[in-house]
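Asker: This is the structure, below, for whatever I ask next.
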Amino acid sequence: MSGVGLQRFGTRALNMKPVRLAISAAKGFSSDRCTMMGAGIAFYSAFSLAPTLLLVLAVAGWFFGEAAARGQLFSEIKNVVGSDAARAMQDIVTHAHHSAGGGFATLASIVLLIVGASATFTSLNTALDAVFDTESPPGIKGFALLLRARLMSFALVLGLGFLLVVSLVLDTAIQIAARAIFGDSPVVIIAAILQSAVTLAILTVALAALIKWLPDTRIRYGHAAIGAFIAAVLFTVGRHLFALYLSHAGTATTFGAAGSLAVLMMWLYFSSVVFLLGAEVTAAVRADRTHASDRARAGATSNR
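Anchor point for the sequence shown: position 31 equals 38 in our numbering, and the numbering is continuous, going up by one each time.
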């Protein structure tokens, strides 16, 4: 192929919509300093992890009991971050659960639980405002948006508990159906694939809800779903790569007593960065659709 042919091919490739959106998302990811914002989100997440998980377990426990919900949650976490980090998270939640006293101490712990659980989502709100170029207005309107972010954060924590319930129900239903239909046949792998697809769908819904509702601007759910799906796929693939890395890198051993915390922070950072990349994809799709609508309106006006 000649140099002119290669140049034409490159130009056509760059003009393809998926490539154009990917380049726009990558530029936004760099210019918005998403890697730095991801580090901040990971820091807040580490310290609000215990109250967040306690609230999630409380919601899921209403339906299946605390023991079943706890077993399902930490089984999923163990598959992602390994047994050491999962055990550390379980210890954190256990100590936080037994630290509350009675009377006023219990009431105070509940308030701190809610505030702490919403801290991560508040930091996500700030990061998403940067991604979507949104500034909080001053005065009462700005305070109202701040209050909305806090209330939305608490609602999303409860939503995570509901999604855990849905995941538990679907996983159990798929496993029972697979055993009833296939027994011990190797075809049971179909159930495993279906289970992975359901998990991917639930993760996409959860991430899309975060992208849509947390920023202080209006985001269409269709736009949010595109970025959420990309983030969910990257998250799913990255989960396996992360587990493979941990099995060979020996990070927990390198950091000694703080090894579990180091692994946990690495995973939280990776998750935050992947989420922000999905948000940048949504921002790119949103900008592209807005420009297309503006061009269509301009063309309609000029034809009058």
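Cβ atoms here follow ideal geometry from the backbone N, Cα and C, with glycine treated the same way.
Keep in mind it's a predicted model, so treat the numbers as computed, not measured.
Taking the continuous alpha helix (DSSP H) assigned at P222, which residues delimit it?
Answerer: Taking the sequence shown and counting its residues from 1, the one referred to as residue 222 is at position 215. Careful: P222 lies outside any alpha helix (DSSP H) and carries neither H nor E.
Asker: As a quick exercise: from F81, T129 and A93, pick the residue whose alpha carbon is nearest that of M44.
Answerer: In the sequence shown, residue 44 corresponds to position 37, counting from 1. Measuring from the Cα of M44, the nearest candidate turns out to be T129.
Asker: When the Cβ atoms of the stretch 206 to 221 are set against those of the stretch 239 to 253, are three or more pairs found closer than 8 Å?
Answerer: At 8 Å Cβ cutoff, the stretches touch.
Asker: Indicate, with yes or no, if the ligand NAP has a heavy atom lying under 8 Å from the CB of L268.
Answerer: Ligands displayed in this structure: none; no statement on the ligand NAP is therefore possible.
Asker: When you compare only the Cα positions, how much space is there between A235 and G47?
Answerer: Within the sequence shown, numbered from 1, the residue matching residue 235 stands at position 228. Within the sequence shown, numbered from 1, the residue matching residue 47 stands at position 40. If I take the Cα positions, the gap works out to 20 Å.
Asker: If I measure Cβ to Cβ from F282 and keep anything under 6 Å in the same chain, skipping five residues before and after, which residues do I get?
Answerer: Your numbering for residue 282 matches position 275 in the sequence shown. Contacts found: A238.
Asker: Can you tell me the Cα-Cα spacing of A112 and A286, whole angstroms?
Answerer: Residue numbering aside, residue 112 sits at position 105 when the sequence shown is read from its first letter. Residue numbering aside, residue 286 sits at position 279 when the sequence shown is read from its first letter. Bear in mind that the predicted position of A112 carries a pLDDT of just 46, short of 50, making it unreliable; the figure below should be weighed with that in mind. Going from the Cα of A112 to the Cα of A286 covers about 39 Å.
Asker: Between the C-alpha atoms of S82 and A126, what's the straight-line distance to the nearest angstrom?
Answerer: Position 75 of the sequence shown holds residue 82. Position 119 of the sequence shown holds residue 126. Approximately 25 Å, taken between the alpha carbons.
Asker: Would you tell me roughly how many angstroms separate the C-alpha atoms of E142 and A74, rounded to the nearest one?
Answerer: As a position in the sequence shown, residue 142 is number 135, starting the count at 1. As a position in the sequence shown, residue 74 is number 67, starting the count at 1. One C-alpha to the other measures close to 43 Å.
Asker: At which residues does the alpha helix (DSSP H) containing A35 begin and terminate?
Answerer: On the sequence shown, position 28 is the one that residue 35 refers to. The sequence shown places Gly at residue 35, not Ala. K24 to S38 is the extent of the alpha helix (DSSP H) around G35.
Asker: Could you check whether L61 and V26 sit closer than 9 Å to each other, using their CB atoms as the reference points?
Answerer: Residue mapping note: residue 26 aligns to position 19 of the sequence shown, counting from 1. Residue mapping note: residue 61 aligns to position 54 of the sequence shown, counting from 1. Contact flag unset, no.
Asker: For G245, which residues from the same chain have a beta carbon less than 7 Å from its beta carbon, with the 5 sequence-adjacent residues on both sides left out?
Answerer: What you label residue 245 is simply residue 238 of the sequence shown in a count that begins at 1. Once the five neighbours on either side are set aside, the close Cβ partners of G245 are F277 and V281.
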